[in-house]
Structure formats: structure tokens, C-alpha cells
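Be aware that the sequence shown starts at 528, since it is given in our numbering, and climbs by one per residue.
Think of the CB as a built atom: it goes at the ideal place given N, C-alpha and C, for glycine as much as any other residue.
Here the structure is a predicted model, which means the values were calculated and not measured.
Written below as C-alpha cells is the structure these notes are about.
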Amino acid sequence: VNLTVVHDQNNYCDLQFTNVTNPPCPTVSCGPDNTTLCYDNNENITNVYQSANTFPVAVVFNAGTVEVCCDDFEIRDGLDQFAPILFQGNNGGDMTGVIVVSTNPDNALWFNFTSDFSVSCTSQGTYTPLDWT
Numbered sequence: 528v529n530l531t532v533v534h535d536q537n538n539y540c541d542l543q544f545t546n547v548t549n550p551p552c553p554t555v556s557c558g559p560d561n562t563t564l565c566y567d568n569n570e571n572i573t574n575v576y577q578s579a580n581t582f583p584v585a586v587v588f589n590a591g592t593v594e595v596c597c598d599d600f601e602i603r604d605g606l607d608q609f610a611p612i613l614f615q616g617n618n619g620g621d622m623t624g625v626i627v628v629s630t631n632p633d634n635a636l637w638f639n640f641t642s643d644f645s646v647s648c649t650s651q652g653t654y655t656p657l658d659w660t
């Protein structure tokens, strides 16, 4: 969304904002949806997944390896970063088989992935891209 704030007396005081969003807007789906990510250094990715009905939403990692020391997930039981933590870390570097299911009335999961500056899927050919449903 592009937004312009118009000053009523002086057009030099007008403000323009481009690409305004209210992140993260939930991805509402009946699923299953699949995401594949060969992540880069210095990533900070936040998504919110929400069920389109009254059923809980789940994130299932089908595959994916990350740097053990420095690349981490945080998945919370709700719509934002203040919801209770359901999963934190990187499962020893191999996310394959990790399943996280919502238990909140909004049927939502707040999902964040961060990587450090040094090693990533794109910088090392030895990491398996992340794949989650």
C-alpha cells in the first residue's frame, strides 16, 4: 500500500510512504501449502499461518538443515511474537520431522527464522533446503 499524508496548510510538509504493510499479515489457508527455502545469510523471516476454519494449523518440516550454532526458528502459539513459544531452536541442525501444532482459539502459528552472517544454504552446498508444509 502506498500512503500520502497531506498537510492542510503546507504541501512541503506532505509525507509519502511507499510499500506500507502491517507485517506479518496471516497466511490464511485450508492447506496444505508447501514452502521450500534455500536461505541466505542474515535472513529474518516472519510469517503467520492461520487456519481458514476451526481446526488447528500445523507446520511440518519435511526436510532441511541449518547451521547448528547460529540459525534458529521460533514458532509461537498465536498471531504474534507475544504468544507462548511452542518451538525454539533448530533441532540440532536437522529440521526434518519437526511438527508444531497450534492450540490457540485463533488457530494460528507465528513463525520466525533467523540466520547469521556466515553460513547458509546459499553459501554452502552442503545444506539441504528447508521444506515445510
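What does DSSP give as the partner residue(s) for residue i in the beta ladder?
i, result
"Gly616", "Phe600"
"Val627", "Val586"
Tell me the residue span of the beta strand (DSSP E) that contains residue i.
i, result
"Phe588", "585 to 590"
"Phe640", "635 to 641"
"Gln608", "Run containing Gln608: none; DSSP gives neither H nor E here."
"Asp658", "657 to 659"
"Gln686", "This structure gives no information on residue 686, because the portion of the chain shown stretches from 528 to 660."
"Gln543", "542 to 544"
"Val593", "Note, Val593: premise wrong, no beta strand (DSSP E); not H, not E."
Whole angstroms are fine: how far does the CA of residue j sit from the CA of residue i?
i, j, result
"Asn634", "Thr573", "17 Å"
"Asn617", "Cys557", "27 Å"
"Leu613", "Thr660", "17 Å"
"Cys597", "Thr531", "40 Å"
"Val534", "Gly591", "Sequence inspection shows His at residue 534; the Val mentioned does not correspond to that position. C-alpha separation (whole angstroms): 51 Å."
"Val587", "Phe544", "37 Å"
"Val625", "Tyr539", "54 Å"
"Pro611", "Asn631", "10 Å"
Just checking my contact of residue i with residue j at CB under 8 Å: how many whole Å lie between their CB atoms?
i, j, result
"Val627", "Ile602", "5 Å"
"Asn568", "Phe638", "About 20 Å separates the two Cβ atoms, so there is no contact after all."
"Pro656", "Thr554", "Their Cβ separation, rounded to whole angstroms, is 19 Å, which puts Pro656 and Thr554 out of contact at 8 Å."
"Ser629", "Asp604", "6 Å"
"Thr641", "Glu594", "Between Glu594 and Thr641 the Cβ distance is about 11 Å, and since that is not below 8 Å, they are no contact."
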